[in-house]
């Protein structure tokens with residue numbers, strides 16, 4: 194799972210610090226990208242399932 198290491202890194206840093214702010218920007222970018230991948234694969238799976246049921 195990709196998000197667990199991201200969450201662990203985020204939990205170790207002080208959110209009010211400069212490091213926390215820069216880590217949050219990196220976290221948000223990576224999380225958003227992987228969320229798009231998860232969404233695309235879920236849609237592809239749903240479409241494949243729908244096609245299989247229809248045939």
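In the working numbering, the protein residues as written are 194 to 248. Ideal Cβ placement from N, Cα and C applies to all residues, glycine included. Computed from a predicted model, the values in this text were never measured in an experiment.
Asked	Found
Got a sec, what are the start and stop residues for the alpha helix (DSSP H) residue 207 sits in?	Careful: residue 207 lies outside any alpha helix (DSSP H) and carries neither H nor E.
Residue 217 and residue 196 look like a contact to me (Cβ under 8 Å); what is the Cβ gap, rounded to whole Å?	Wrong, their Cβ atoms sit about 14 Å apart, outside the cutoff.
At the level of alpha carbons, what is the spacing between residue 209 and residue 247?	53 Å
My assumption, with CB atoms under 8 Å, is that residue 236 sits in contact with residue 220. Please give the rounded CB distance.	The Cβ separation is near 24 Å, so there is no contact.
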